[in-house]
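Here is the structure we will look at.
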Amino acid sequence: MSDVPDHPYQGDWLRPNADLARRLRDQGARLPYLHSPQEKYDLVSWFVNQGEVAYPLLLQTVAEGGAEAASLALAALASTGDPRLLPVLDSIPFPGPKAGLLRLERARCHMVLGDWNHVSVLIEGLAAERPLVRGMCVQALRETTRMEFGFEPQGDEQAREKAIEGWRTWSEARSRDINQQG
Numbered sequence: 000m001s002d003v004p005d006h007p008y009q010g011d012w013l014r015p016n017a018d019l020a021r022r023l024r025d026q027g028a029r030l031p032y033l034h035s036p037q038e039k040y041d042l043v044s045w046f047v048n049q050g051e052v053a054y055p056l057l058l059q060t061v062a063e064g065g066a067e068a069a070s071l072a073l074a075a076l077a078s079t080g081d082p083r084l085l086p087v088l089d090s091i092p093f094p095g096p097k098a099g100l101l102r103l104e105r106a107r108c109h110m111v112l113g114d115w116n117h118v119s120v121l122i123e124g125l126a127a128e129r130p131l132v133r134g135m136c137v138q139a140l141r142e143t144t145r146m147e148f149g150f151e152p153q154g155d156e157q158a159r160e161k162a163i164e165g166w167r168t169w170s171e172a173r174s175r176d177i178n179q180q181g
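Okay, so the sequence shown: first residue is 0 according to numbering that gives the first Met the number 0, each after it adds one.
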């Protein structure tokens, strides 16, 4: 990855000093190679604690990194809660359906930052095979919408399907309301 100060995603973000720029590059290079959930959590937290000086490197990782590194970068960006990231994220192509977890993490990041245009991706994720993935999707939906619909990631399959239908109905009604207002 290129040097952070000359980075194409630098924009108007604060710039790190030389020492921090080196540490950002070093930590960014670790993103694809983390294995344990604790390592991933710790590095995402480290990036969040660096603030906006880390944004260019994280955005570049979203745009150019592999799926695992990009997912971690998105988790860090979402954790900042900074909606100023949305226009830059919008300039990076949204992953297609075959991108799996990366697509869900991207939708979650947008949702948490205030862009609900990808809510349907998270609702689709409620039907994922893995309970952890279902849990990540419902957590993002619950935190942003304050809605429940009784979905439990490890609950009975029929109950989950009924709750997913509730989410879909809500999303369709919301879309109709937005279209009528626009």
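All C-beta atoms in this analysis are idealised placements derived from N, C-alpha and C, irrespective of residue type, glycine included.
The straight-line gap separating the alpha-carbon atoms of VAL118 and ARG21 is approximately 37 Å. Of the candidates ALA28, LEU56, ARG29 and GLY27, LEU56 places its Cα closest to the Cα of ARG14. For GLU142, same chain residues with a beta-carbon under 8 Å away, outside a window of 5 residues either side, are VAL111 in chain order.
Proximity to PRO152 across LEU23, CYS136, LEU71 and ARG102 peaks at CYS136, based on C-alpha coordinates.
The three-state secondary structure of SER35, taken from DSSP, is coil.
With a beta-carbon spacing of about 7 Å, GLY64 and PRO31 fall inside the 8 Å limit used to define contacts. Taking C-alpha positions only, PRO92 is separated from ALA77 by approximately 17 Å. Non-local beta-carbon contacts of TRP12 in its own chain, meaning distances under 8 Å to residues more than five positions away in sequence, involve GLU51, VAL52, TYR54 and PRO55 in chain order. With a cutoff of 7 Å on beta-carbon distance, CYS108 and LEU73 are scored as near each other. A direct Cα-Cα distance of roughly 8 Å separates ALA98 from ALA66. With respect to the 7 Å criterion, GLY124 and LEU103 are classified as neighbours on the basis of their beta carbons. With 16 or more other Cβ atoms inside 10 Å of its own Cβ, THR60 counts as buried. In this chain, LEU84 is not harboured by any alpha helix (DSSP H), its DSSP state being neither H nor E. Shown here, ALA98 sits in a helix according to DSSP, grouped into three states.
Residue environment for ALA139: buried (at least 16 other C-beta atoms within 10 angstroms of its C-beta).
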